[in-house]
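J.: Next up is a structure, given as structure tokens.
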Amino acid sequence: MMRRLGQWLKQCRDYSVTPAQHYCASKSAVLHFNFKGFDVSNQEILKRQVALGVSGGIAAYKSIEVLRGLQRAGCDVRVAMTRHACEFIQPLTFRALSGAYVLVDDYAPDNPDPIAHITFSQTIDLFIIAPATANILAKMANGIADDFLTSTYLACNAPVLVAPAMNTTMWHHPATQRNIQNLKEAGVHVIEPDEGEMACGTIGPGRLSAPERIVEEALKILHEDTKEDLPRGSNKPSDLNEERLLITTGATREAIDPVRFISNRSSGRMGFALAEAARRRGADVTVIAGATNVAPPADVAVIEVTSTEEMLAAVRERIGGATTFIAAAAVADYRAKNPADSKIKKSKDKMVLELERTPDILGDVSLSRTQDQLIIGFAAETNDLLNNAREKLTRKSLDMIVANDVSRKDSGFDSENNAVTILVRDNETPIEIPLTSKLDVANRILDEAIKLRKSLARRA
Ligand code: CTP
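End of the sequence shown sits at 443 in the working numbering; the numbers just go up one at a time, nothing left out.
As structure tokens, then:
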């Protein structure tokens, strides 16, 4: 923090601006936001460095209010603009109000720092983009860095908050929704646009959220980030730093011969999302992964296995060190009784393959569990979802089961999103999680796990 403040002060000097000038505007401020739940005199929030990125939309003028609100809350704010934003509002306005050089172009002759996007991005505690146009969201979601604002985003380790604003049809467009989803999954905080009348006359969602809401959300992120040094984009406190999670994910494969196998369509996304969410919330995470077709999250130990037997062996080896076990793997229930050593030739018209049951990994863990281990399973069903899931919860003596309807095209197996129902031991009421990203679903599952952990502690 001190190092960052030092760099920040150095930058102020480099740009011939005194820190006091940052506040000259706020002294005459007329905005009086009511930041719900936040004491703006809070020392934790004071003097945090915030970058405000302004992209080219009609709502650009509202970012002045965001700037002033942040200043009133005690933040140092520097502004970066896209070239299109300069068509709507002059950099001079932001320069006068922030007291600092406004960055638009790394290559501008008057830019005193030749690698400003790096210096700028490494010295901030929060990067807000408000308004965020459909174009800037698309670039951010795809890693395009063709101007100062987008290069800064890529070089930034601080949490990022975007406040989209655009025409309703552009907002609803599948491309924009996909980009928003990708950004959320990358840990970017998103303030959904408000509904109302747009500059173009359309009525619907797309208006920039109220500046006071944007400031409130920014302060909330800064506040959380101060409590713990969280990884980029974390919006949760480190409420899992006591937990050691062991997670199975992906599909197991059972050989029929050296080139063929029995398996299923699981991608491993849900287990990896759980691993990522838990890691961000401070847990120590190990994943035992069967076949997957997505990359595992960073900072998580991954043990790769192929067959159910191998997965079981890997789980048994590590379960003793785990406080929570989550079985998100789609395990093949049967395997060839006598897999062939060489490729089976099609010599006959019919072929009968004798199958035998594979071991039940979750059942095995459940049988040997210790009292304070939490055991969580998944129930992949195509029919009678809740009854089947409840039966598995009881039969396998689980603490919680996450039921998902794998017959849906928009969720479940091999999909970015999921819609699930969580059933918790000793709780008759199912918890519905409507269709959302697998990372959101993962966080909801972990929220319920924490509640269970607390109730176990109370009982002990
Ligand atoms: N599971 C496991 N080992 C198995 C089969 C399943 O660990 N051999 C776990 C899964 O990871 C999941 C839960 O058990 O968490 C339920 O899996 P599911 O396939 O829905 O149910 P099964 O127990 O296999 O029962 P069925 O296929 O008859 O529905």
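Heads up, the beta-carbon is just placed ideally off N, CA and C, and yes, glycines get one too. Quantities reported herein were computed from a predicted structural model and do not represent experimental measurements.
Would you kindly work out how many angstroms separate the C-alpha atoms of Ile286 and Ala234, rounded to a whole number?
T.: In the sequence shown, the residue the question calls residue 286 occupies position 303. In the sequence shown, the residue the question calls residue 234 occupies position 251. Going by the C-alpha atoms only, they are around 13 Å apart.
J.: Quick check: Glu337 and Lys326, are their CB atoms within less than 8 Å of each other?
T.: For this step, residue 337 is matched to residue 354 along the sequence shown. For this step, residue 326 is matched to residue 343 along the sequence shown. Contact: no.
J.: On the three-pair Cβ rule with 8 Å, is the segment 364 to 374 touching the segment 340 to 349?
T.: Verdict: no, contact absent.
J.: For Thr155, is the classification buried or exposed, using 16 other Cβ atoms within 10 angstroms of its Cβ as the cut-off for buried?
T.: Your numbering for residue 155 matches position 172 in the sequence shown. The residue asked about is misnamed: residue 155 is His in this sequence, not Thr. With fewer than 16 other Cβ atoms within 10 Å, it is exposed.
J.: Mind checking whether the beta-carbon of Pro176 lies closer than 7 Å to any heavy atom of the ligand CTP?
T.: Here residue 176 refers to the residue found at position 193 of the sequence shown. No - the ligand CTP has no heavy atom lying nearer than 7 Å to the Cβ of Pro176.
J.: Using the rule of at least 16 other Cβ atoms within 10 Å of the residue's Cβ for burial, across every protein chain shown, is Asp324 buried or exposed?
T.: For the purposes of this step, residue 324 is taken as the residue at position 341 of the sequence shown. So Asp324 counts as exposed.
J.: To the nearest angstrom, report how far apart Pro241 and Phe110 are at their CA atoms.
T.: Residue 241 sits at position 258 when you count from the first residue of the sequence shown. Residue 110 sits at position 127 when you count from the first residue of the sequence shown. For Pro241 and Phe110, the distance between alpha carbons rounds to 52 Å.
J.: Can you tell me which of the three DSSP states Pro157 falls into?
T.: To locate residue 157, count along the sequence shown from 1; it is residue 174. Helix, per DSSP.
J.: Taking just the CA atoms, how far does Ala56 sit from Phe16?
T.: Taking the first residue of the sequence shown as 1, we reach residue 16 at position 33. Taking the first residue of the sequence shown as 1, we reach residue 56 at position 73. With a pLDDT of only 37 at Phe16, under 50, the local geometry of the prediction cannot be trusted, and no value is derived from it.
J.: By how many angstroms is the C-alpha of Thr76 removed from the C-alpha of Ala261?
T.: Position 278 of the sequence shown, counted from the first residue, corresponds to residue 261. Position 93 of the sequence shown, counted from the first residue, corresponds to residue 76. Rounded to the nearest angstrom, the two C-alpha atoms are 43 Å apart.
J.: Going along the chain, which residues of its own chain have a beta-carbon closer than 6 Å to the beta-carbon of Ile245, five neighbours each way excluded?
T.: Taking the sequence shown and counting its residues from 1, one reaches residue 245 at position 262. Excluding sequence neighbours, Ile245 sits near Glu237, Ala315.
J.: Using 8 Å for Cβ pairs, my map puts Asp393 next to Asn400. What's the rounded Cβ distance?
T.: In the sequence shown, counting from the first residue as 1, residue 393 sits at position 410. In the sequence shown, counting from the first residue as 1, residue 400 sits at position 417. About 6 Å separates the two Cβ atoms, so the contact holds.
J.: Using the beta-carbon count (16 or more within 10 Å), is Gly52 buried or exposed?
T.: What you label residue 52 is simply residue 69 of the sequence shown in a count that begins at 1. That one is buried.
J.: Within 10 Å of its beta-carbon, does Val403 have 16 or more other beta-carbons around it, so buried, or fewer, so exposed?
T.: In the sequence shown, residue 403 corresponds to position 420, counting from 1. That one is buried.
J.: Below 8 Å between beta carbons: does that hold for Val173 and Val198?
T.: Against the sequence shown, residue 173 aligns to sequence position 190. Against the sequence shown, residue 198 aligns to sequence position 215. Going by C-beta atoms, Val173 is not nearer than 8 Å to Val198.
J.: Please state if the CB of Met383 and the CB of Leu406 are separated by a distance shorter than 8 Å.
T.: On the sequence shown, residue 406 is found 423 positions in, with the first residue counted as 1. On the sequence shown, residue 383 is found 400 positions in, with the first residue counted as 1. Closer than 8 Å, so yes.
J.: At 4 residues or longer, and completely inside the segment 309 to 352: list those alpha helix (DSSP H) runs for me, N to C.
T.: Those alpha helix (DSSP H) runs which fall completely within the segment 309 to 352 and span 4+ residues are 344 to 350.
J.: Relative to the C-alpha of Ile72, which residue among Asp430, Val268, Ala42, Ala182 is closest?
T.: If you number the sequence shown from 1, residue 72 lands on position 89. Out of Asp430, Val268, Ala42, Ala182, Ala42 has the C-alpha closest to the C-alpha of Ile72.
J.: Spatial neighbours of Cys139 within its chain, please: C-beta separation below 6 Å, excluding the five flanking residues on both sides.
T.: Within the sequence shown, residue 139 is the residue found at index 156, counting from 1. Correct list, in chain order: Ser104, Phe110.
J.: Would you say the beta carbon of Pro342 comes nearer than 7 Å to a heavy atom of the ligand CTP?
T.: The residue labelled residue 342 in the question sits at position 359 within the sequence shown. Yes, the ligand CTP has a heavy atom inside 7 Å of this Cβ.
J.: Taking 7 Å as the line, does the beta carbon of Leu467 fall inside it for any heavy atom of the ligand CTP?
T.: The chain is shown from -16 up to 443; residue 467 falls before or after that span and cannot be answered.
J.: Can you confirm whether the segment 298 to 313 touches the segment 220 to 233 when touching is taken to mean that 3 or more C-beta pairs between the two stretches lie within less than 8 Å?
T.: Yes: at least three Cβ pairs fall under 8 Å.
J.: Taking all protein chains shown into account, decide if Val424 is buried (16 or more other Cβ within 10 angstroms of its Cβ) or exposed.
T.: The sequence position of residue 424 within the sequence shown is 441, counting from 1. Buried, because 16 or more other Cβ atoms sit within 10 Å of the Cβ of Val424.
J.: Considering only heavy atoms of the ligand CTP, does any lie closer than 7 Å to the CB of Thr231?
T.: Counting from one through the sequence shown, the residue named residue 231 turns up at place 248. Yes.
J.: Can you tell me whether Gly52 is helix, strand or coil according to DSSP?
T.: For the purposes of this step, residue 52 is taken as residue 69 along the sequence shown, with counting starting at 1. Correct three-state label for Gly52: helix.
J.: Given Gln356, which residues of its chain have a CB within under 6 Å of its CB, disregarding the five upstream and five downstream residues?
T.: Counted from its first residue, the sequence shown places residue 356 at position 373. There are no such residues.
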